Amino acid sequence: MTELALQHYLGVGAILFVIGLIGFMTRRNLIVMFLCTELMFQGVAINLIAFGRYHQNLAGQAFTVFVLVIAAAEASLALGLVVLLFRQKNTLDADAWRELRG
Amino acid sequence: MNTLPVAIGLPYVPDWGQLRAFAPELWLIAAIVAVLLTPFFVKKPNAACGWVALVGLLAALVSVFVVGVDGTGEHFRGLMVADPVSVFWKGLLLMFVIGIVLMWFSTTAPTMHQGDGPEFFTLLLGATLGMSLMASTSNLLMLVIAVELASLPSYVLAGFRKTHLAGAEASLKYILFGAATSSIMVYGLSMLYGLYGTLQIDGPGGLAQQIATSGGSALLWMAIFSLIVGLGFKISAVPFHFWCPDVFEGASIEVSAFLSVASKGAGLVLLMRVMMSFASAQAYESTPLLNHLAVLLGVLGAITATVGNTAAFVQRNIKRLLAYSSIAHAGYMLCIVSLLVRGPAVKADLDLASTAAQVVLFYLAVYLFMNLGAFTVAGLIERETGTERIADYAGMGRRSPLMAFCLSACLFSLVGLPPFAGFVAKVNVFWALMQNGSWWWWLVGVIGVNTVLSLYYYVRVIKVMYLDDSSSAPIWPHPLGAGVAVVCAAILVFMLIAFGPINRLAGHYSHFYGVDQTTFTAEFSSSQPPP
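Here it is, written out as structure tokens:
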């Protein structure tokens, strides 16, 4: 195990993804939650690049560029929304927003 | 890495024939640009933007009819297809969004902050563009882009009323759920790419065919599960439905109506396309993979319908009620999608896969008008009285007979009662499920029980409108909105009378590109490479 092989990259990708998923489900701070979805997307990006290298084609890298763009778009939307929410309730706690239920 | 110079050396320039098949999308893009430029020429741009969007949508709808189904199949090197199913969906979607814009004029337009119009219509048309692309994808990359193009504007639309607390909360819940499910979906798709080394779904060497030759594996199931998570979020299948009632309640009413049909329909059409590719590549034989997929989708549909209907019982808010009703209807349609991946029908001469696609398309067409009508009436009443509570609909039969009648028509149709087209749609569902036999009889039973359950909460609204009395003043709805509601009710009756031709039309359009639906085993097994 001296050389880096496909499974090492996949391992890092999976670890990033799982950390993001667990963080998303356990944390209640809005910014941290959106940060965790970013982590998940970065795990996907590492996966795709590793597979692209493994299969010797460019589809994986092309996909990664788009995944990064999508993650950035989602982050910009989310942070804009967080600013809007913070102005209204002065808190970043996701549990403060529970008027709609039933 | 010998593909790099090839990719750089040959820039891909699509010719006119390639672009022509996507004229509706190009019209939508043109409309987005026009809407963004409108405020430079008009002082008060809100209404003007509405008209520009309307013209763009009409042009796109006309181009759907003019271009029609394109026989050449795949486009842009296999990224997209323009096949009968996608054309049918685009026609429905554009008609529906035209209805939404008309609804906007009669409900939210007067209260919208002057200057917000361009943004609103840019987002609305952008989401529409994404939803029409979702029906044409045959590549995983295009699939992700289309889903996100539909999702991101929807998040903003849900919270468009910036000063409205409920709107902000709706947007928050929507984007939290959406970001998590879409990252799970993309992770699964990266696994699919890793397993088979291609992003193409259809065609020789595509994912579907490689899955057919190599059979199932744990990783493949993980990928399929995550794809269902991502699309289940768009369809609002249980257990990914939590956003749906909250978003519908918090968003302004035309946005709720838009999401209730367009988002779900696009997700269903995309799910149908992927499942159909898998099934046809395996020649519709009852392989373990297909059987498990069929059971998975059928059970998901049954649970979705049951949860939607039981949760609708206790709702006091008309938008939440319609949200749960839309979850239930998504469940019925998911049950039919499970037939797509099922082997040959009990009757050997029946093309079950095409029949299932036809049933879903017909259901979507009917569902569109029922929901548009119901939401329009709710929006008109909200505009005149400022209430969304069902209890405040008391005496509506006297206060506004026309609105009460239109809402009753749409609700009866949602139950599936005879004078309206919802009846035919429901009968189609039962009929298709019965053709398959075996344990699909359980689904027939579940949907039957669900229909009876749904009768209660739909009819409760009608009972409040006609039997409960109130001394509130009569309501004079906005004529444009009233027109939309009346047209919807009339179309529901018309579609019952003319269900034969419309059903045949749906059948005519129920074919996917690159998918052999009509011959089940003979030709397909011979075309597969020898082991």
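If you read the sequences in order, they're chains A and B. If you read the first sequence in this note's numbering, its first letter stands for residue 1, the second for the next number, and so on. If you read the second sequence in this note's numbering, its first letter stands for residue 1001, the second for the next number, and so on. Think of the CB as a built atom: it goes at the ideal place given N, C-alpha and C, for glycine as much as any other residue. Fair warning: this is a prediction, and the values are worked out from it, not measured in the lab.
Q) What residues from the segment 1149–1170 of chain B come within 8 Å of chain A, judged by C-beta to C-beta, listed N to C? A) L1152, Y1155, V1156, G1159, K1162, L1165, A1166, A1168, E1169, A1170
Q) Exposed or buried, D1468/B, counting other C-beta atoms within 10 Å across all chains shown (16 or more means buried)? A) Stepping through the second sequence from its first residue, residue 1468/B is reached at position 468. Per the 10 Å Cβ criterion, exposed.
Q | Integer Cβ distance of I1447/B from A1305/B, believed to fall under 8 Å | A | As a position in the second sequence, residue 1447/B is number 447, starting the count at 1. As a position in the second sequence, residue 1305/B is number 305, starting the count at 1. The pair is a contact, with the Cβ atoms about 6 Å apart (cut-off 8 Å).
Q.
On a Cα-Cα basis, can you pick out the residue from I19/A, M25/A, L21/A, N29/A that is closest to L79/A?
A. Within the first sequence, numbered from 1, the residue matching residue 79/A stands at position 79. Considering only alpha carbons, the answer is N29/A.
Q: Just the C-alpha distance for W97/A and E1169/B, rounded to the nearest angstrom, thanks.
A: Numbered from its first residue, the first sequence carries residue 97/A at position 97. Numbered from its first residue, the second sequence carries residue 1169/B at position 169. Spanning the two alpha carbons is a distance of roughly 6 Å.
Q) Under a three-way DSSP split, which group does D1392/B fall into? A) Within the second sequence, the letter at position 392 stands for residue 1392/B. In this structure, D1392/B counts as helix in the three-state DSSP scheme.
Q: Could you round the C-beta distance between A1060/B and L1094/B to whole angstroms and report it? I think they count as a contact, below 8 Å.
A: Here residue 1060/B refers to the residue found at position 60 of the second sequence. Here residue 1094/B refers to the residue found at position 94 of the second sequence. That belief holds up - the Cβ atoms of A1060/B and L1094/B are roughly 5 Å apart, short of 8 Å.
Q. Which stretch, first to last residue, makes up the alpha helix (DSSP H) that contains T1163/B?
A. Within the second sequence, the letter at position 163 stands for residue 1163/B. Element bounds for T1163/B: n/a, residue is neither H nor E.
Q. Tell me the DSSP bridge mates of M1080/B?
A. Position 80 of the second sequence holds residue 1080/B. DSSP lists H1075/B, T1137/B as partners of M1080/B.
(Q) Less than 8 Å between CB atoms is the rule here; does L79/A satisfy it with respect to chain B? (A) For the purposes of this step, residue 79/A is identified with residue 79 of the first sequence, where counting begins at 1. False, the Cβ-Cβ gap to chain B never drops below 8 Å.
Q.
Using 8 Å for Cβ pairs, my map puts P1084/B next to Y1509/B. What's the rounded Cβ distance?
A. Within the second sequence, residue 1084/B is the residue found at index 84, counting from 1. Within the second sequence, residue 1509/B is the residue found at index 509, counting from 1. Between P1084/B and Y1509/B, the beta carbon gap of about 4 Å places them in contact (Cβ cut-off 8 Å).
Q | K89/A - containing alpha helix (DSSP H), residue span | A | Position 89 of the first sequence, counted from the start, is the residue given in the question as residue 89/A. Here the alpha helix (DSSP H) through K89/A covers 59–89.
Q: Measure the CB-CB distance between E1384/B and P1477/B and report whether it falls below 8 Å.
A: As a first step, residue 1384/B is located in the second sequence; it is residue number 384 there, counting from the start. As a first step, residue 1477/B is located in the second sequence; it is residue number 477 there, counting from the start. Against a cut-off of 8 Å, the Cβ pair of P1477/B and E1384/B comes out as a contact.
Q. Excluding the five sequence neighbours on either side, which residues of its own chain have a C-beta within less than 6 Å of the C-beta of A94/A, listed in chain order?
A. Working through the first sequence from its first residue, we reach residue 94/A at position 94. Annotation for A94/A: R28, L30 place their beta carbon closer than 6 Å to its own, counting only its chain and skipping 5 residues before and after.
Q | Residue-chain proximity (I31/A, chain B), Cβ-Cβ < 8 Å | A | In the first sequence, residue 31/A corresponds to position 31, counting from 1. I31/A does not count as touching chain B.
Q. Could one say the Cβ of V67/A lies closer than 8 Å to chain B's Cβ atoms, at least one of them?
A. Your numbering for residue 67/A matches position 67 in the first sequence. Closer than 8 Å to some Cβ of chain B, the Cβ of V67/A qualifies, so yes.
Q | For H1292/B, the first and last residue of its enclosing alpha helix (DSSP H) | A | Translated into the one-based positions of the second sequence, residue 1292/B becomes position 292. 1288–1312 is the span of the alpha helix (DSSP H), which, as asked, contains H1292/B.
Q) Given that a residue counts as buried once 16 or more other Cβ atoms are within 10 Å of its Cβ, and exposed if not, what is D1015/B? A) Position 15 of the second sequence, counting from 1, holds the residue named residue 1015/B. By the neighbour-count rule (16 or more Cβ atoms within 10 Å), D1015/B is not buried but exposed.
Q. Would you say the segment 1204–1221 of chain B touches the segment 1114–1132 of chain B, given that touching needs at least three Cβ pairs under 8 Å?
A. no
(Q) In chain order, what are the residue ranges of uninterrupted alpha helix (DSSP H) at least 4 long that sit wholly in the segment 1099–1151 of chain B? (A) The segment 1099–1151 of chain B contains these whole alpha helix (DSSP H) runs: 1117–1134.
Q.
For a minimum of 4 consecutive residues, which ranges assigned as the alpha helix (DSSP H) are wholly contained in the segment 1322–1392 of chain B?
A. 1352–1385
Q) What do you get for G1250/B, buried or exposed, if any count of 16 or more other CB atoms within 10 angstroms of its CB means buried? A) If you number the second sequence from 1, residue 1250/B lands on position 250. Per the 10 Å Cβ criterion, buried.
Q) Roughly how many whole angstroms lie between the Cα atoms of F1233/B and S1471/B? A) For the purposes of this step, residue 1233/B is taken as the residue at position 233 of the second sequence. For the purposes of this step, residue 1471/B is taken as the residue at position 471 of the second sequence. Rounded to the nearest whole angstrom, the CA to CA distance from F1233/B to S1471/B is 43 Å.
Q | Distance between F1248/B and W1221/B (C-alpha atoms, nearest Å) | A | As a position in the second sequence, residue 1221/B is number 221, starting the count at 1. As a position in the second sequence, residue 1248/B is number 248, starting the count at 1. Near 32 Å, if we compare the C-alpha coordinates of F1248/B and W1221/B.
(Q) Is it buried or exposed, L1157/B, if we count other Cβ atoms within 10 angstroms and call 16 or more buried? (A) Here residue 1157/B refers to the residue found at position 157 of the second sequence. Counting Cβ neighbours within 10 Å, L1157/B comes out buried, since at least 16 surround it.
**Q.** CB contact flag (A1257/B, F1375/B, <8 Å)
**A.** Taking the first residue of the second sequence as position 1, residue 1257/B is located at position 257. Taking the first residue of the second sequence as position 1, residue 1375/B is located at position 375. Cβ atoms of A1257/B and F1375/B: closer than 8 Å.
Q. Does DSSP put F1520/B in a helix, in a strand, or in coil?
A. Residue mapping note: residue 1520/B aligns to position 520 of the second sequence, counting from 1. Unreliable positioning characterises F1520/B in this predicted model, as indicated by a pLDDT of 34, which lies under 50. The coordinate reading is nonetheless provided below. It is coil, neither helix nor strand.
Q) Which of helix, strand or coil does DSSP assign to Q1200/B? A) Within the second sequence, residue 1200/B is the residue found at index 200, counting from 1. Correct three-state label for Q1200/B: strand.
Q.
Less than 8 Å between CB atoms is the rule here; does T26/A satisfy it with respect to chain B?
A. Within the first sequence, residue 26/A is the residue found at index 26, counting from 1. No - not a single Cβ of chain B is within 8 Å of the one on T26/A.
Q. Can you find a C-beta in chain B that's less than 8 Å from the C-beta of L4/A?
A. As a working mapping, residue 4/A is identified with position 4 in the first sequence. By this cut-off, L4/A is not an interface position.
Q) Which residues mark the beginning and the end of the alpha helix (DSSP H) in which E99/A is found? A) Start at 1 with the first residue of the first sequence, and residue 99/A comes out as number 99. Here E99/A belongs to no alpha helix (DSSP H), and DSSP marks it neither H nor E.
Q: Indicate whether at least one CB of chain B lies closer than 8 Å to the CB of N47/A.
A: The residue you call residue 47/A lines up with position 47 of the first sequence. It does: the Cβ of N47/A has a partner Cβ on chain B nearer than 8 Å.
Q) Can at least three beta-carbon pairs, one atom from the segment 1135–1151 of chain B and one from the segment 58–69 of chain A, be found at a separation below 8 Å? A) yes
Q.
I want to see whether chain C comes within less than 8 Å of L1176/B, judged by CB atoms only; does it?
A. Protein chains in the displayed structure are A and B, and chain C is not among them.
Q) On the three-pair Cβ rule with 8 Å, is the segment 1402–1416 of chain B touching the segment 1453–1468 of chain B? A) yes
Q: Classify A14/A as helix, strand or coil using the three-state DSSP reduction.
A: Taking the first residue of the first sequence as position 1, residue 14/A is located at position 14. Residue state, collapsed to three classes: helix.
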